[in-house]
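These notes concern the structure reproduced below.
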Amino acid sequence: MARYASLLDALGDTPLVGLPRLSPAENVRLWAKLEDRNPTGSIKDRPAQKMIEAAEQDGRLRPGCTILEPTSGNTGISLAMAAKLKGYGLVCVMPENTSEERKQLLQAYGARIVYSPAEGGSNEAVRRAKELAKQNADWVMLYQYGNPDNARAHYEGTGPEILRDLPTVTHFVAGLGTTGTLVGVGRYLREQKPEVQIVAAEPRYGELVYGLRNLEEGFVPELYDPDVLTGRYSVGSYDALRRTRQLLESEGIFAGISTGAILHAALAVADKAAAAGKTADVVFVVADAGWKYLSTGAYSGTIDEAAARLDGHLWA
Amino acid sequence: MAVTVSIPTILRTHTGGEKSVEASGSTLAEVIESLENDHGGLKSRLVKEGTLHRFVNVYVNDEDVRFAGGLEAKVTDGDTVTILPAVAGG
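For the protein sequence lines, the chains are W and B, in the order given.
Under UniProt numbering, the residues of the first sequence are numbered 1 to 316, in order.
Under UniProt numbering, the residues of the second sequence are numbered 1 to 90, in order.
Right, here's the structure in full:
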């Protein structure tokens, strides 16, 4: 059944597609969970909708309320669509070094953007949003970094979909940002299949993003639960771009840059399984499609040139 | 056992501004001792009460050491050790 009452109802149940050309061996297979097939084109539609619904149910969100959220883009776009349809205002605190398309999309949906400085990346956006929350007591901050409904969206949605479609899953690989996807899917799969491997791919940005004044300003999302993970890779922009292009060239999937980083980690664990002579079904997340990154030049010129253009940008 | 260690901006006061330095050791703990010998003060920024500082992430060839034995993570000749402060994504 592919008929829905409204766009909000068309969330989830995304395709899981095999990657016959990128899989390293006949018994070590890669599978892409196409989360770009969500209402606004990213995996963030899941937590955004779940966080809003939970806040409506417990009475924090009422008609006419303004939602506040620190976001580098996709969560903001997801919230902006839902807020428009449900009649809420939205203020997004976003680092200034994010792609132009994200800004334009947020504005098209009617969100207000408060920019935070590029230095310090999302850390600064979180800090600024917390300040604004104190100054505007009537605004409702859903706070994706610490809201259990973020992880619950994946525990109740993404995880069960994966197990339903691929009962033989052995590895799950996703991006590490709020940690909601990994913690939510990871907990669900671990309960069903205790031996499952849960692997994080963390973007490694240019130096600007790590420009903290001191180490005590560091940030680990409140949702993070390292016990769920079995491995964590740091992936730089060169490898992320290389894999993004490889995914398009080998399998026809036009994905965003963070997906390239996730594929890089997925291939690393798949290669390890193949080298050990094991059978594996590795599921990885396609977090969004490439449209929002065209202006960054990610898909043209040499990879070195594209990586240089991304330096200092938040590309995940 | 020589390894290359990448130092984040925030800790370069200890390395005279160098982005990348050489160190030796067969575990991360030994690499950190070797760093401390050449660049005094680094160890106390990286290690608190016998474990890695909460807001410090260390990767050996891009794999987070917290999932590979922590300070006892194995390091071999030619590896790249990357030190980064923990920052928000998402």
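We treat Cβ as the ideally placed atom computed from N, Cα and C, and that holds for glycine.
For W/Ile-162, there is no enclosing beta strand (DSSP E); the residue is part of the alpha helix (DSSP H) that begins and ends at 159 to 165. Taking 7 Å as the Cβ-Cβ cut-off, the segment 63 to 75 of chain B approaches chain W at Glu-63, Asp-64, Arg-66, Phe-67, given in chain order.
Taking C-beta atoms under 8 Å as the contact rule, B/Leu-46 and B/His-53 qualify, at a distance of about 6 Å. By the C-beta criterion, the segment 259 to 269 of chain W is judged to be in contact with the segment 198 to 206 of chain W, since at least 3 inter-stretch pairs fall below 8 Å.
Taking 9 Å as the CB threshold, W/Phe-172 stays off the interface with chain B. Under the three-state reduction of DSSP, B/Thr-76 is assigned to coil, being neither helix nor strand. Around the Cβ of W/Ala-266, a 10 Å sphere holds 16 or more other Cβ atoms; the residue is buried. In this structure, W/His-313 lies away from W/Thr-178, with their beta-carbon atoms at least 9 Å apart. Pairing W/Asp-311 with W/Leu-208 gives a Cβ-Cβ distance under 9 Å.
Of all residues in the segment 217 to 228 of chain W, only Glu-217, Gly-218, Phe-219, Val-220, Pro-221, Pro-226 place a beta-carbon less than 9 Å from a beta-carbon of chain B. The segment 294 to 304 of chain W and the segment 52 to 59 of chain W do not touch, with fewer than three beta-carbon pairs separated by less than 8 Å. Proximity to W/Ser-78 across W/Gly-41, W/Pro-24, W/Ala-125, W/Val-235 peaks at W/Gly-41, based on C-alpha coordinates. Taking a 10 Å sphere around the C-beta of W/Arg-21, we find fewer than 16 other C-beta atoms and assign the residue as exposed. Ranking W/Ala-10, W/Lys-44, W/Val-17, W/Val-28 by CA distance to the CA of W/Leu-182 puts W/Lys-44 first. Residue state for W/Arg-187 is assigned as helix, using DSSP reduced to three classes.
Under the three-state reduction of DSSP output, W/Ser-72 falls in the coil class, being neither helix nor strand. If you compare the alpha carbons of W/Lys-272, W/Leu-294, W/Pro-221, W/Glu-216 with that of B/Val-56, the shortest gap goes to W/Glu-216.
Cβ proximity to chain B below 7 Å picks out Gln-144, Tyr-145 from the segment 136 to 147 of chain W. Around the Cβ of W/Lys-134, a 10 Å sphere holds fewer than 16 other Cβ atoms; the residue is exposed.
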